[in-house]
Ligand SMILES: [Fe+2]
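Residue numbers (the working numbering): 308 to 493.
What follows is the structure, encoded as structure tokens:
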């Protein structure tokens with residue numbers, strides 16, 4: 308089914324974007340220059356804000372608004388899997404929020420929070436990477452088995468309406484609140 312292949316290709320490609328951004332952040336953290344205010348710390352914020360906006364406003368709506376509703380209520384195992392993924396989203400958001408709050412303290416010059424910040428970011432990365440792996444290894448294969456041609460076509464058409472220009476300045480989707488923003492230093 309072409310529509311199924313297209314949908315899965317879009318989602319896994321977006322996962323690759325998220326993974327690559329996390330890897331870039333990891334590389335940046337290795338250099339150590341981010342511990343004090345300056346260009347490296349600004350780059351860290353830019354990458355974190357990109358991940359937040361890309362996930363919440365470009366990637367997540369495709370899954371949560373279009374794919375998951377089509378799978379909901381099919382069987383108990385699948386519903387439990389989707390519930391676990393939902394919890395992973397919440398956990399990842401909480402960890403990113405914590406990292407943003409610590410980032411704001413670094414931006415104010417409090418270098419003593421550097422280790423806590425790096426730990427919060429590593430915990431966020433681990434949560435996100437595990438979720439992406441689960442979606443690719445479990446959710447998408449189940450969806451391929453359960454959904455029919457018409458359903459995949461409907462999902463593909465709906466997903467096409469979600470903005471996707473690479474490098475675009477994404478608007479934060481307000482359905483997924485980001486409480487750290489009121490603590491941000493910029
Ligand atoms: Fe995903």
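Cβ atoms here follow ideal geometry from the backbone N, Cα and C, with glycine treated the same way.
For a test of your reading of the model: does the CB of residue i fall under 7 Å from any non-hydrogen atom of ligand 2? Yes or no.
i: residue 370; result: Summarising the ligand content, the structure contains ligand 1 and does not contain ligand 2.
Can you grab the Cα-Cα spacing for the pair residue i / residue j, in whole Å?
i: residue 487; j: residue 464; result: Because the pLDDT of residue 487 is 46, which lies under 50, any placement of that residue in the model is unreliable, and the number read from its coordinates should be weighed accordingly. About 34 Å.
i: residue 455; j: residue 315; result: 14 Å
i: residue 317; j: residue 380; result: 24 Å
i: residue 349; j: residue 404; result: 17 Å
i: residue 492; j: residue 422; result: Any reading at residue 492 must be qualified, since the residue scores a pLDDT of 38, below 50, and its modelled position is unreliable; the value itself is stated next. Cα-Cα distance, rounded: 19 Å.
i: residue 336; j: residue 355; result: 12 Å
i: residue 461; j: residue 328; result: 30 Å
i: residue 366; j: residue 321; result: 7 Å
i: residue 387; j: residue 378; result: 12 Å
i: residue 443; j: residue 323; result: 11 Å
i: residue 372; j: residue 432; result: 24 Å
i: residue 459; j: residue 313; result: 9 Å
Going by C-alpha distance, which of the options is nearest residue i?
i: residue 437; options: 458, 461, 393 and 455; result: 393
i: residue 467; options: 457, 346 and 369; result: 369
i: residue 406; options: 461, 420, 387 and 415; result: 420
i: residue 330; options: 309, 342, 319 and 358; result: 358
i: residue 500; options: 375, 459 and 412; result: The question about residue 500 has no answer, for the chain in this structure spans 308 to 493.
i: residue 430; options: 319, 396 and 341; result: 396
i: residue 417; options: 453, 382 and 345; result: 345
How is residue i classed by DSSP in three states: helix, strand or coil?
i: residue 428; result: helix
i: residue 334; result: helix
i: residue 448; result: helix
i: residue 401; result: helix
i: residue 386; result: helix
i: residue 342; result: helix
i: residue 468; result: coil
i: residue 363; result: helix
i: residue 492; result: Low confidence applies to residue 492: its pLDDT is 38, below 50, so where it sits in the model is not reliable enough to give any reading.
i: residue 423; result: helix
Between residue i and residue j, how many whole angstroms is the CB-CB distance? I'm expecting something under 8 Å.
i: residue 402; j: residue 441; result: About 17 Å separates the two Cβ atoms, so there is no contact after all.
i: residue 351; j: residue 410; result: 7 Å
i: residue 332; j: residue 428; result: 7 Å
i: residue 374; j: residue 450; result: 7 Å
i: residue 363; j: residue 439; result: Contact doesn't hold; Cβ gap of about 15 Å is too wide.
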